[in-house]
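> Dumping the structure here so I can ask a few things about it.
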Amino acid sequence: MSQHPSDPYLTPRTTPPARSLPRRDMQDTIRGPFPLPATAPTSRPPQQSLELAQRYELLNRLGVPPVANQDFDDLARDMATQAGFLYGFVNLFLEEQTFVGLHQPPADSGYVIVGRTMSRDHGWCPEVMARKKALPLHDVHASPRFSGNAVVDAVGIRSYFGAPLIHDSGTVLGTVCVIDPEKRPLSDARRLRDKVITASAQVMDQITRAPVR
């Protein structure tokens, strides 16, 4: 497995993340508001700026801080464990992809250790956001469209399954996904797709019905 420490997806083990998030013990004091950054409307197309503003507004209204959270970490862990994947994510699609829920191998496992944020253009979650439905990739190299990706070599990914987080209002807040360095049998794709779809429903239930710790 190759590692490229300069890739924005990675968090080098010898240095802290480029963008650190508040500690978990700060969550009760971080409730918003979380205003849309003033530079966002002029830095991307109008439709993207509108969608971003809608996400921030909805997170404000729901009282969900876009920061690392133990409940979402637990959901990411359960999703990854049930699917048999090394990595699991609950991802809010904001100025960056922000992993409010994250499960990954231990730091001394020999696998790549990822950070809590990633460029909006990297990975396969942008495709899930655009299509607004689950994306099952049992082998990312099986399709040229999905094999050429910044995280394929950086993290050595061979399989990806993701599903969108869609609020009742129609706003797509982000995604849940699992990734792994091993490809999966095509015959198992439907089961794994259903796992992430179920996890996305659980995350949305947590967001809309239960207070975030």
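Residue numbers for the sequence shown follow the UniProt record's numbering, beginning at 1 and rising by one. Just so it is clear, CB atoms sit at the ideal spot from N, CA and C, and this is done for glycine as well.
Please work out which residues of its chain come closer than 7 Å, Cβ to Cβ, to Arg193, disregarding the five sequence neighbours upstream and downstream, and give them in chain order.
Correct list, in chain order: Ala134, Pro136, Phe161.
> Distance, Cα to Cα, Asp71 vs Leu52?
The alpha-carbon atoms of Asp71 and Leu52 are separated by roughly 24 Å.
> With H, G and I counted as helix, E and B as strand and the rest as coil, what does DSSP make of Asn149?
Here Asn149 sits in coil by DSSP.
> Quick one: what's Ser159 bridged to in DSSP?
Answer is Asp180.
> Using the Cα positions of Gly101 and Tyr87, report the straight-line distance between them to the nearest angstrom.
One C-alpha to the other measures close to 11 Å.
> In terms of alpha-carbon separation, which member of Ile179, Ala189, Gly174, Val196 lies closest to Pro66?
Out of Ile179, Ala189, Gly174, Val196, Gly174 has the C-alpha closest to the C-alpha of Pro66.
> Would you identify the three-state DSSP class for Asn91, choosing helix, strand or coil?
Strand, per DSSP.
> Helix, strand or coil for Pro164, going by three-state DSSP, please let me know.
Reduced to three states, the DSSP call for Pro164 is strand.
> Assess, as a yes-or-no matter, whether the stretch 163–179 is touched by the stretch 196–212 under the definition of 3 or more beta carbon pairs within less than 8 Å.
Taking 8 Å as the limit for Cβ pairs, the verdict is that the stretch 163–179 does touch the stretch 196–212.
> Buried or exposed for Gly63, going by 16 or more other Cβ atoms inside 10 Å?
By the 10 Å Cβ count, Gly63 comes out exposed.
> Let me know the secondary structure DSSP gives Leu86 once reduced to three states.
Leu86: coil per DSSP, three-state reduction.
> Measure the Cβ-Cβ separation of Lys183 and Gln82 and say whether it is below 8 Å.
No, the Cβ-Cβ distance between Lys183 and Gln82 is not below 8 Å.
> Per DSSP, Leu102 forms a beta bridge with which residues?
Answer is Phe89.
> In this structure, does DSSP put Thr171 in helix, strand or coil?
Note: Thr171 maps to coil in three-state DSSP.
> Hey, quick one: how far does the alpha helix (DSSP H) through Leu192 stretch, first residue to last?
Start and end: 189–209.
> Of the choices Ala163, Ser187, Arg190, Thr208, whose alpha-carbon is the least far from that of Ala76?
Of the candidates Ala163, Ser187, Arg190, Thr208, the one whose C-alpha sits nearest the C-alpha of Ala76 is Ala163.
> Between the alpha carbons of residue 214 and Val140, how many angstroms are there, rounded?
For residue 214 there is no data in the structure shown, the boundaries of the chain being 1 and 213.
> Once DSSP output is grouped into helix, strand and coil, what is the label at Val140?
Val140 falls in the helix class under three-state DSSP.
> Do the CB positions of Val90 and Phe99 come within less than 8 Å of each other?
The answer is yes: Cβ separation under 8 Å.
> Out of curiosity, what's the CA-to-CA distance linking Tyr9 and Gly115?
Confidence at Tyr9 is low in this model, with a pLDDT of 38, below 50, so its placement is unreliable and the value that follows should be read with caution. The straight-line gap from Cα to Cα measures roughly 7 Å.
> Below 7 Å CB to CB, which residues in the same chain sit around Ala189 once its five sequence neighbours on both sides are set aside?
Pro136, His138.
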